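Protein chains in written order, with numbering that gives the first Met the number 0: chain U, 0 to 106; chain G, 0 to 314; chain Z, 0 to 554; chain Y, 0 to 216.
Ideal Cβ placement from N, Cα and C applies to all residues, glycine included.
Note that this is a predicted model, so its numbers are computed, not measured.
The structure appears right after this line, and notes come after that.
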Amino acid sequence: MTMETDPRRARALPFVLWWLILLALFGASIVVAFLSLGRLAPIIQFGIAAIQTAVLFILFMRLKGPPSLKWVFAVSGFFWLLFLFGLSMTDYSNRQGWPLTHYAKRL
Amino acid sequence: MYHWIPFWPDTAATNAIAVNNLFIAELGLSALIMVTVVGMMVVFCIRYRRGSSASRANLTETTWHFEVGWTTATLATFLVLFVWGAGMYVWLYQAPRGDIEIYVVAKRWMWKMEHPGGQREIDALHVPVDKTIRLVMASEDVIHSFFVPAFRVKHDVVPGTLETLWFKADKIGTYFLACTQFCGLQHATMQGKVVVMSGPDYARWLTQQGVHESLAQQGEELFRAHGCSGCHDKNSTVHAPSLVGLYGTMVHLQDGTVRVADETYIHDCIFNPRSFTVAGYPPIMPDFSGQLNEGDVLKLVAYIKSLGHPEERAK
Amino acid sequence: MSVTTAERVPQGDPVSAVPNYLTAENTIVSWLFTKDHKRIALLFFASITFFFFVGGFAATMMRLNLATPEGLLQPAVYNRMFTMHGIIMVWFFLIPSIPATFGNFFIPMMIGARDLAFPRINLASWYVFNLSGLVVLYALVMGGANTGWTFYTPLSTIYANGYVFAAALAVFINGFSSIMTGLNFVVTIHRMRAPGMTWMRLPLFVWGIYAVSVVMLTATPVLAMDTFLLGAERFLGLGLFDPTHGGDPLLWQHMFWFYSHPAVYIMILPGMGVVSEIIPCYARRPVFGYAGMTIALMSIAILSFFVWAHHMFVAGISIYSAIVFSLMTFFVAVPSAIKVFNWTVTLHKGRIVFDAAMLYALGFVLLFTLGGVTGLMLATLAVDVDVHGTYFVVAHFHYIMVGATVSAFFGALHYWWPKMTGRMFPEGIARFAAILTYIGFNLTFFPQFVLGYLGMPRRSYTYPAQWQSWNLLSSAGASILAIAYLLPLCYLGWSLFKGRKAAANPWGATGLEWTTPSPPPQHNFKRTPVVELGPYSYNPEDGSYISQDGTAHAG
Amino acid sequence: MRGSAAVLRPEPQYASLDQQGDVAQVGMWVFLVNETIFFGALIFTYFLYRTFYSHDFDIAAKDAVLWCGSVNFALLVTSSLTMVLAINAAAQGRRRAMIWLLVATVALGCLFLGVKGFEYYLDYQDKVVPVVNYQAKPGEGPAGELFWFFYWVATGLHAIHLTIGIGLVLYMLLWRIRRGEITPAYFAPLEVVGIYWSFVDTVWLFLYPCIYLVGRS
Numbered sequence: 000m001t002m003e004t005d006p007r008r009a010r011a012l013p014f015v016l017w018w019l020i021l022l023a024l025f026g027a028s029i030v031v032a033f034l035s036l037g038r039l040a041p042i043i044q045f046g047i048a049a050i051q052t053a054v055l056f057i058l059f060m061r062l063k064g065p066p067s068l069k070w071v072f073a074v075s076g077f078f079w080l081l082f083l084f085g086l087s088m089t090d091y092s093n094r095q096g097w098p099l100t101h102y103a104k105r106l
Numbered sequence: 000m001y002h003w004i005p006f007w008p009d010t011a012a013t014n015a016i017a018v019n020n021l022f023i024a025e026l027g028l029s030a031l032i033m034v035t036v037v038g039m040m041v042v043f044c045i046r047y048r049r050g051s052s053a054s055r056a057n058l059t060e061t062t063w064h065f066e067v068g069w070t071t072a073t074l075a076t077f078l079v080l081f082v083w084g085a086g087m088y089v090w091l092y093q094a095p096r097g098d099i100e101i102y103v104v105a106k107r108w109m110w111k112m113e114h115p116g117g118q119r120e121i122d123a124l125h126v127p128v129d130k131t132i133r134l135v136m137a138s139e140d141v142i143h144s145f146f147v148p149a150f151r152v153k154h155d156v157v158p159g160t161l162e163t164l165w166f167k168a169d170k171i172g173t174y175f176l177a178c179t180q181f182c183g184l185q186h187a188t189m190q191g192k193v194v195v196m197s198g199p200d201y202a203r204w205l206t207q208q209g210v211h212e213s214l215a216q217q218g219e220e221l222f223r224a225h226g227c228s229g230c231h232d233k234n235s236t237v238h239a240p241s242l243v244g245l246y247g248t249m250v251h252l253q254d255g256t257v258r259v260a261d262e263t264y265i266h267d268c269i270f271n272p273r274s275f276t277v278a279g280y281p282p283i284m285p286d287f288s289g290q291l292n293e294g295d296v297l298k299l300v301a302y303i304k305s306l307g308h309p310e311e312r313a314k
Numbered sequence: 000m001s002v003t004t005a006e007r008v009p010q011g012d013p014v015s016a017v018p019n020y021l022t023a024e025n026t027i028v029s030w031l032f033t034k035d036h037k038r039i040a041l042l043f044f045a046s047i048t049f050f051f052f053v054g055g056f057a058a059t060m061m062r063l064n065l066a067t068p069e070g071l072l073q074p075a076v077y078n079r080m081f082t083m084h085g086i087i088m089v090w091f092f093l094i095p096s097i098p099a100t101f102g103n104f105f106i107p108m109m110i111g112a113r114d115l116a117f118p119r120i121n122l123a124s125w126y127v128f129n130l131s132g133l134v135v136l137y138a139l140v141m142g143g144a145n146t147g148w149t150f151y152t153p154l155s156t157i158y159a160n161g162y163v164f165a166a167a168l169a170v171f172i173n174g175f176s177s178i179m180t181g182l183n184f185v186v187t188i189h190r191m192r193a194p195g196m197t198w199m200r201l202p203l204f205v206w207g208i209y210a211v212s213v214v215m216l217t218a219t220p221v222l223a224m225d226t227f228l229l230g231a232e233r234f235l236g237l238g239l240f241d242p243t244h245g246g247d248p249l250l251w252q253h254m255f256w257f258y259s260h261p262a263v264y265i266m267i268l269p270g271m272g273v274v275s276e277i278i279p280c281y282a283r284r285p286v287f288g289y290a291g292m293t294i295a296l297m298s299i300a301i302l303s304f305f306v307w308a309h310h311m312f313v314a315g316i317s318i319y320s321a322i323v324f325s326l327m328t329f330f331v332a333v334p335s336a337i338k339v340f341n342w343t344v345t346l347h348k349g350r351i352v353f354d355a356a357m358l359y360a361l362g363f364v365l366l367f368t369l370g371g372v373t374g375l376m377l378a379t380l381a382v383d384v385d386v387h388g389t390y391f392v393v394a395h396f397h398y399i400m401v402g403a404t405v406s407a408f409f410g411a412l413h414y415w416w417p418k419m420t421g422r423m424f425p426e427g428i429a430r431f432a433a434i435l436t437y438i439g440f441n442l443t444f445f446p447q448f449v450l451g452y453l454g455m456p457r458r459s460y461t462y463p464a465q466w467q468s469w470n471l472l473s474s475a476g477a478s479i480l481a482i483a484y485l486l487p488l489c490y491l492g493w494s495l496f497k498g499r500k501a502a503a504n505p506w507g508a509t510g511l512e513w514t515t516p517s518p519p520p521q522h523n524f525k526r527t528p529v530v531e532l533g534p535y536s537y538n539p540e541d542g543s544y545i546s547q548d549g550t551a552h553a554g
Numbered sequence: 000m001r002g003s004a005a006v007l008r009p010e011p012q013y014a015s016l017d018q019q020g021d022v023a024q025v026g027m028w029v030f031l032v033n034e035t036i037f038f039g040a041l042i043f044t045y046f047l048y049r050t051f052y053s054h055d056f057d058i059a060a061k062d063a064v065l066w067c068g069s070v071n072f073a074l075l076v077t078s079s080l081t082m083v084l085a086i087n088a089a090a091q092g093r094r095r096a097m098i099w100l101l102v103a104t105v106a107l108g109c110l111f112l113g114v115k116g117f118e119y120y121l122d123y124q125d126k127v128v129p130v131v132n133y134q135a136k137p138g139e140g141p142a143g144e145l146f147w148f149f150y151w152v153a154t155g156l157h158a159i160h161l162t163i164g165i166g167l168v169l170y171m172l173l174w175r176i177r178r179g180e181i182t183p184a185y186f187a188p189l190e191v192v193g194i195y196w197s198f199v200d201t202v203w204l205f206l207y208p209c210i211y212l213v214g215r216s
């Protein structure tokens, strides 16, 4: 799908169409929530959020275009979060005594 | 016990000997590295000072040869240290089933110890020599850290969970005990002593502490007083899991997970039963977190552990 | 050694008649609303010097107190002193120290730019820094916080009284300053380089600052969120770390160290950059293994994010996790070892001049190496179990953060002082101060290694009497160190008014910053320079050198 | 006033307006690295607690007002559209369209905040305001309150970001555009604001399933 995102030449219609697609995805996300999918539901929902983010980043925030430094920065935030999520899980996935008990007493 | 200027701490436990050896090896390596670096620097600084007439021809700017060699050598050395240290860490931090199990409650700013026979002490811990001592530790408030330098053991005590630690003292004496995690105003005085005694001395010391019920017996009283027995007793009509022989077994929970019934598990079940519903049982157990404190729960844990092992109960 | 380098190497351009950045405008307003990166650097310099002495005062009180087991201060006062010492030294001195002053001043000059990409953001960074400084001073004056600079929960959220919220707020606001500075550097280094200034021609100081900026940008937001949640818990009662609700107190530590371990590298990487400038210049030879140095800098910056839980080996994290983080910690030591090796070899076949800046740089290498090898001990899991939370750790990180970083800071100060102020300082007394720093520092902190292994817990206002001799030695060393740190204030201050006028390139260095007059004109260069070759084209055989713009100078 | 654009010159550190605009955009993207990690760290805490206290979270989250969150979702996505169209209009010299689209963007943003405020009111009625007015639902463990801690922190922070975004658009409207500084030749400031605006929208894309779609089945 080629779409002009350079603001000097961009047309409104493709953006409106993509806006409708975003809303449709949003609807799908709600539908998923009410189906009995168990642990699959959040995975699908966050997958949808990721797709929507990609649309916003690439088209609405105009990453589209020749490879540039902006791509590196757009991705690196998420990349760094992988460190946080991934390495923390080495601890949380098998720490003794996690999840914690509840501790009502405060001195 | 100490010289006027102490250089080296006591080494008074099997754990300490192992850690000490590793530490000495690392000291040696560090000295080697420092001597190499300082030596090179001094030699170069003298030989190639501005006024010297040494030849500067054929300057090397980059030799990947050299760098790769140096990098590989350091990496290999580091890996040896890593494996050595990690192996020992696993050994240090997987507490075996000890000869004696002592409960430790950390509270700002004191260490409260409870022996299996019900003897209690504050900021002091009496243990027999050459026995594996297992500590089960809880905190009443903030994070503390149990540290005995002479044994080279340390573990943080995080509120909301139980931590275990073990040591096996091999020298009779009195050793320094400290909290190494800052815990507020009097953190510096949250210190005490560990007294390592011979077996007979320890036995005598235990009897001199006055008559006590054992920890498990105290737990049993709590077990009845708080109505636990109403559901968990053999004769109860309520559908609740039996606790006889529970300790150390695998428990299948409602949410599909499997947990080992260790101290932490029992502790957690009492404080937060809803999160640990056993498969096949209704989630009807009330939350006891408002009624029991850490000390009480440790007694209950001791009691429930004794249910599987009648001989311990008699002790 | 009576002649200084200034006479030994050829003089640069005659001082230009164009007004320099200091004299171009004179009003206070012109300073407070300046967009010139050089002036902002000096503003930062004033601020962090102030905080250095505030933090130093707290350190002095602590060492005085620890000279005897009975102590001098009330426990509550001592606890507040070490907390404020930590907070001020880490966030208000070390983290902005080299980047916000020398980075600010020299990054545009070294890459041949007229200014940073966002001068207004740069100025805002200074204002935000001072705002956070005011908040932390408020916390200090009102009575201080007493949690340690690490703010461990639940002590900080529930139990500690004192101005913990204000201190955390100051750290939160301070983060914005860090982020703005880091953002500016990243964009500037990417987009504003002079023609011919390729990545592999960048001076290593620029690489160091680039690595730091990346770390600042990616680590600081985690701390910002962490302190935000801490504030929400303490102030509003929204207890995301509260064990009462199943929240995990260790989560605070995970997020805190996710920032604060890389922050250690925020403190040391610029120092490495500075030393990589100074050593080739005074050894009069190219740096050994330039490419290896850049790779090492960047890999330290990235790997620094994989090692944070080595601060939590005894905190009750999963054993497997501890093993992973220990391995990673050994990996991050490898590039550091490469750097030490390269600096040392850079002395080989040099024509070494022992000026003050060089003495500081050599001190840096030695102290960094000692801090590094003790870091290896701490990375070894079983040994960490023993020495964690003792003075061993205190000594280790002071070797890195004070021994190394502050040495580099003073090295940079002496190296670039002529460029920044246009004045020379008295070389002899500067050398004396450098050597005194080295002696005082080792006397202060080496005894703490011994104390640590003996088992003295950190953050204690008192200790068993048998440890007094070592503590006394440490306190005595601290007094020497204090003098060594105060001395430069005196002779540098004197040189501002009475010092000899500096030439454009008094040390005969190759960087672009030395091709413009001292002090530089308002927009750095009369004409944007064209870069012809990489940095450090020194020739030790005859002492000649070639500037990065291609001008050759005889020896 | 429109004529004043002719004298717009790059700042001294730039060679041209094009370079200045390009650097400004790169700068905003670098800033977004920060913002991504900032919100990512918050969502990390959520991810952790939801993974391990999923039962409590399922019960606690039922009180989240689904329709408010959904309406807000639609509002924000629409505002991203009007924003991007406004930038197109600026680039193509359609000044009137640009102004009206920006006004619409601001209006949608304010509407979002209005709905949010109303939702907070409903939350208060539902007794899901921790500390102030909180009542655990039957079967909800203490960890349920963690969900609401997260809810208040996350939506509060997002609202602050959106408010800043509204402020930036107003600054564009009332200052830069009124002074004629946004022209087809140089509209980078507006583009930078647009990138920020859409990013704030992105945050909501992730917060929405975190908050409103938990435990609905």
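Listed by chain order, chain Z residues near residue i by CB distance under 8 Å
i, result
"K153/G", "V313, V384, D385, H387 and G388"
Three-way DSSP call (helix, strand, coil) for residue i in this model
i, result
"I4/G", "coil"
"A301/G", "helix"
"S138/G", "strand"
"G371/Z", "helix"
"P242/Z", "helix"
"T182/Y", "strand"
"A168/G", "strand"
Within chain Z, the residues that residue i reaches when beta carbons sit closer than 9 Å
i, result
"F81/G", "I322, S325, L326, T328, F329, A378, T379 and L380"
Contacts of residue i in chain U (Cβ-Cβ under 7 Å)
i, result
"Y319/Z", "T89 and N93"
"T248/G", "Correct list: empty, because the minimum Cβ distance to chain U is about 17 Å."
beta-carbon residue i near the ligand ZN non-hydrogen atom, thresh 6 Å
i, result
"F56/U", "Ligands are entirely absent from the displayed structure, and the ligand ZN is therefore not among its contents."
Neighbour list for residue i in chain Z, Cβ cutoff strictly below 7 Å
i, result
"P98/U", "G245"
"Y92/G", "I318"
Reference residue i, options the options, closest by Cα
i, options, result
"L16/Y", "Y195/Y, P183/Y, G214/Y and L206/Y", "P183/Y"
"R113/Z", "D35/Z, V306/Z, I434/Z and G147/Z", "D35/Z"
"I278/Z", "F164/Z, L154/Z, F204/Z and K37/Z", "F204/Z"
Residues that residue i contacts on chain G, provided the C-beta gap is smaller than 9 Å
i, result
"G155/Y", "The premise fails here: G155/Y is roughly 26 Å from chain G at the closest Cβ pair, so nothing lies under 9 Å."
Contacts of residue i in chain U (Cβ-Cβ under 8 Å)
i, result
"L161/G", "G96"
Residue i: contacting residues in chain G (beta-carbon distance under 7 Å)
i, result
"G140/Y", "N271, R273 and S274"
Listed from N- to C-terminal order along the chain, which residues in the stretch 266-288 of chain G have their beta-carbon within a distance smaller than 7 Å of any beta-carbon of chain Y? Residues of the stretch 266-288 of chain G that bring their beta carbon within less than 7 Å of a beta carbon in chain Y comprise N271, R273 and S274, in sequence order.
Just by C-beta distance, which residues in the stretch 51-84 of chain U are closer than 7 Å to chain Y? Answer in chain order: Q51, T52, L55, F59, M60, L68, K69, F72, A73, S75, G76, F77, W79, L80, L83 and F84.
Residue ranges of each alpha helix (DSSP H) within the stretch 48-98 of chain G, 4 or longer: The stretch 48-98 of chain G contains these whole alpha helix (DSSP H) runs: 63-92.
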